[in-house]
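Participant: Each residue of the sequence shown is one higher than the last, beginning at 0 in numbering that gives the first Met the number 0. Please read through the structure below; I'll follow up with questions.
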Amino acid sequence: MIPNIITLGRIILVPVIIWAIASGQMTIAFALFVVAGISDAVDGFLAKRFDMTTEIGALLDPLADKALLVSIYVALGIWGVIPRWLVILVASRDVMIVGAVIVSWLLGRPVEMKPLMVSKLNTAAQVGFAALILAALSFGFDPAPFDLILMVLVTVLTLASVSFYLVHWVRHVSSVEPIR
């Protein structure tokens with residue numbers, strides 16, 4: 000219960016962080032991003048350590064993560080501080096994965112929602128890149144060359160992650176009996 004409330008709080012932070020970015024309040028955006036990251040660690044710790052995992056929590060936690068990251072990438076892309084192609088890549092990956100899950104449900108063959116290691120590394124790289132850019136905007140420093148290194152890492156891991164998920168999904172859906 001408590002981890003789910005923390006996760007909902009993280010979801011509520013998303014529009015506030017986007018408002019802060021859109022308003023040029025980068026210090027607020029960065030601080031709230033850090034709060035969101037800490038809350039993610041706390042709710043995960045509580046859920047696992049005190050056996051407070053729930054079905055809704057298993058759905059809300061990745062939703063909160065994706066809502067936060069995709070929203071930040073879109074806002075920073077609109078702001079013009081990260082390349083739009085990277086925004087499209089990051090957002091498209093999540094849209095493809097969610098779309099595949101929905102299609103699987105519609106076919107009556109839900110895909111097991113189990114994050115792959117490459118996906119965890121991808122999320123870590125995306126968080127690191129977003130944090131670096133927000134920190135640089137907030138504190139006025141040049142993030143080079145780390146921004147380029149993280150951008151390449153995000154690109155490679157995003158492409159690898161969506162590839163692995165799509166291969167898994169195609170295999171899963173291919174095993175479905177044809178509809179008559």
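Don't be surprised by glycine CBs; every beta carbon is placed ideally from N, CA and C.
So, for H171: in the same chain, excluding its five sequence neighbours on each side, which residues have a beta-carbon less than 8 Å away from its beta-carbon?
Facilitator: Translated into the one-based positions of the sequence shown, residue 171 becomes position 172. Same-chain partners within the cutoff: S103, R108 and V110.
Participant: When you compare the stretch 40 to 49 with the stretch 85 to 105, are there three or more beta-carbon pairs, one atom per stretch, that lie closer than 8 Å?
Facilitator: With the cut-off at 8 Å, the stretch 40 to 49 and the stretch 85 to 105 do not touch.
Participant: Among the residues of its own chain, which have a CB less than 6 Å from the CB of G76, if the five just before and after it don't count?
Facilitator: Position 77 of the sequence shown holds residue 76. Around G76: R83 and V86.
Participant: Alpha carbon to alpha carbon, what distance is there between S173 and A63?
Facilitator: Here residue 63 corresponds to residue number 64 of the sequence shown, with the count starting at 1. Here residue 173 corresponds to residue number 174 of the sequence shown, with the count starting at 1. Computed Cα separation, rounded: 30 Å.
Participant: Taking the alpha-carbon positions, what's the G98 to V69 distance?
Facilitator: Numbered from its first residue, the sequence shown carries residue 98 at position 99. Numbered from its first residue, the sequence shown carries residue 69 at position 70. Taking the straight line from one Cα to the other gives about 15 Å.
Participant: In terms of residues, what are the limits of the alpha helix (DSSP H) holding L115?
Facilitator: The residue given as residue 115 occupies position 116 in the sequence shown. Looking at the DSSP string, L115 is not in any alpha helix (DSSP H), and its letter there is neither H nor E.
Participant: Report yes if the CB atom of I96 is closer than 8 Å to the CB atom of Y164, and no otherwise.
Facilitator: Mapped onto the sequence shown, residue 96 falls at position 97. Mapped onto the sequence shown, residue 164 falls at position 165. Closer than 8 Å, so yes.
Participant: Express the C-alpha separation of A159 and V117 in angstroms, rounding to a whole number.
Facilitator: The residue labelled residue 117 in the question sits at position 118 within the sequence shown. The residue labelled residue 159 in the question sits at position 160 within the sequence shown. So the two alpha carbons sit approximately 7 Å from each other.
Participant: With a cut-off of 8 Å on the beta carbons, I'd call L131 and L149 a contact; round off their distance for me.
Facilitator: By 1-based counting over the sequence shown, the position of residue 131 is 132. By 1-based counting over the sequence shown, the position of residue 149 is 150. Right, their Cβ atoms sit about 6 Å apart.
Participant: Please report the straight-line C-alpha distance between V94 and T154, rounded to a whole angstrom.
Facilitator: Here residue 94 refers to the residue found at position 95 of the sequence shown. Here residue 154 refers to the residue found at position 155 of the sequence shown. Roughly 16 Å between the two C-alpha positions.
Participant: Out of V126, A74 and M112, point me to the one whose CA is closest to V34's CA.
Facilitator: What you label residue 34 is simply residue 35 of the sequence shown in a count that begins at 1. Checked all of V126, A74 and M112; the closest Cα to V34 is V126.
Participant: Could you check what DSSP says for M150 in three-state terms: helix, strand or coil?
Facilitator: Locating residue 150 in the sequence shown gives position 151, counting from the first residue. Helix, per DSSP.
Participant: For R9 versus L58, is the C-beta distance shorter than 8 Å?
Facilitator: To locate residue 9, count along the sequence shown from 1; it is residue 10. To locate residue 58, count along the sequence shown from 1; it is residue 59. Taking 8 Å as the Cβ cut-off, R9 and L58 do not qualify as a contacting pair.
Participant: Use the C-beta contact count for D42: other C-beta atoms within 10 angstroms, 16 or more gives buried, fewer gives exposed.
Facilitator: Stepping through the sequence shown from its first residue, residue 42 is reached at position 43. By the 10 Å Cβ count, D42 comes out buried.
Participant: Whole angstroms are fine: how far does the CA of A123 sit from the CA of L156?
Facilitator: Here residue 156 is taken as the residue at index 157 of the sequence shown, counted from 1. Here residue 123 is taken as the residue at index 124 of the sequence shown, counted from 1. Cα-Cα distance, rounded: 10 Å.
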